[in-house]
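Peer 1:
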């Protein structure tokens, strides 16, 4: 038995015994039928699968295309993902995979776009869309490249893939854009290495700075950052010589003067040229003093 309290007219409460088997449906008049009906409807809904099947393929394909045309790319991608496994072996398979990847690209999910465009190129190497898929793949990888102060693995991979694309499709219509992407990616790598060079200078790691500068000149001789790299090498070599013991100063001042001449010869119109010219004049005076002492 269970007991419930029922309010009387006088405002008092009295306990009424009910069988233990009584359910809440029986305690709430008029609710029993509606609860049972709701349960029946819920069970009926559970039996209806929302998953794309062979029978619903055409209907869902049309729906995915409507999403795509309305630029509802996330919804389109979700449906294309379900449609693709079913479409394998049919004429629509390559179209679905291409639009699936492109939906991610247009939604700016570049990591997923690159993955699926790369998969498209692998699966359909002879398709009319293969060249475009490859281009979108490298564009997505380019967009995924991190800022210069972060890991540059994606940047290096993007450069590699763009070169591969240009070799595979030398007559493509995206050459100008590919060259722009290459320039930006290389500039990012150059900036990262330049910042490392500057850090060596700012922390008095003079020899490490010299090595970094030497590598920079070889790797990024074309870079617009070259004048800045030379400038910091000049500053580095000047401080290195100035803080050295007397017997090492002549050699190190000469290294500084050599860096100043590099700026003068290669970038005479650089915004750094005037400053390095002043340093060169000061270094020349120091070398004259050293030579005077030795004589």
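In my numbering, the protein residues as written are 10 to 304. Virtual Cβ for every residue (Gly too), placed ideally from N, Cα, C. Here the structure is a predicted model, which means the values were calculated and not measured.
Excluding five sequence neighbours on each side, which residues of the same chain lie with their C-beta closer than 7 Å to the C-beta of residue 210?
Peer 2: As a working note, residue 210 is residue 201 in the chain shown. Once the five neighbours on either side are set aside, the close Cβ partners of residue 210 are 218, 241, 244 and 245.
Peer 1: Apart from the five residues just before and just after residue 89, which ones in its own chain have a Cβ nearer than 7 Å to its Cβ?
Peer 2: Residue 89 sits at position 80 when you count from the first residue of the chain shown. 73, 105, 108, 109 and 112.
Peer 1: Between which two residues does the alpha helix (DSSP H) holding residue 163 run?
Peer 2: Mapped onto the chain shown, residue 163 falls at position 154. Residues 162-177.
Peer 1: State the Cα-Cα distance for the pair residue 164 and residue 204, rounded to the nearest angstrom.
Peer 2: Within the chain shown, numbered from 1, the residue matching residue 164 stands at position 155. Within the chain shown, numbered from 1, the residue matching residue 204 stands at position 195. Between residue 164 and residue 204, the C-alpha separation is close to 17 Å.
Peer 1: Would you mind working out which of 255, 250, 280 and 116 sits nearest residue 267, comparing C-alpha positions?
Peer 2: If you number the chain shown from 1, residue 267 lands on position 258. Ranking the options by Cα distance to residue 267, first place goes to 250.
Peer 1: Taking residue 135 as the reference, give the member of 119, 177 and 150 with the closest Cα.
Peer 2: Here residue 135 is taken as the residue at index 126 of the chain shown, counted from 1. The option with the nearest alpha carbon to residue 135 is 177.
Peer 1: Measuring CA to CA, which of 206, 202 and 298 is closest to residue 156?
Peer 2: Position 147 of the chain shown holds residue 156. Here the closest residue by C-alpha is 202.
Peer 1: Looking only at its chain, what residues have a beta carbon closer than 8 Å to the beta carbon of residue 276, apart from the 5 residues adjacent to it on each side?
Peer 2: By 1-based counting over the chain shown, the position of residue 276 is 267. The answer, listed in chain order, is 235, 236, 239 and 282.
Peer 1: By the DSSP assignment, the alpha helix (DSSP H) with residue 148 in it spans what residues?
Peer 2: Locating residue 148 in the chain shown gives position 139, counting from the first residue. Residues 139-152.
Peer 1: Just mark residue 39 as buried or exposed, buried being the case when its beta carbon has 16 or more other beta carbons within 10 Å.
Peer 2: Taking the first residue of the chain shown as 1, we reach residue 39 at position 30. Its pLDDT being 41, under 50, residue 39 is placed unreliably by the model, and the measurement read from it follows with that caveat. So residue 39 counts as exposed.
Peer 1: Counting only runs that start and end within the region 218-264, where is the alpha helix (DSSP H) found for 4 or more residues in a row?
Peer 2: Unbroken alpha helix (DSSP H) runs of no fewer than 4 residues, entirely contained in the region 218-264, are found at 235-251, following chain order.
Peer 1: Taking the beta carbon of residue 212 as the centre, do at least 16 other beta carbons fall within 10 Å, making it buried, or is it exposed?
Peer 2: As a working note, residue 212 is residue 203 in the chain shown. It is exposed - the Cβ of residue 212 has fewer than 16 other Cβ atoms within 10 Å.
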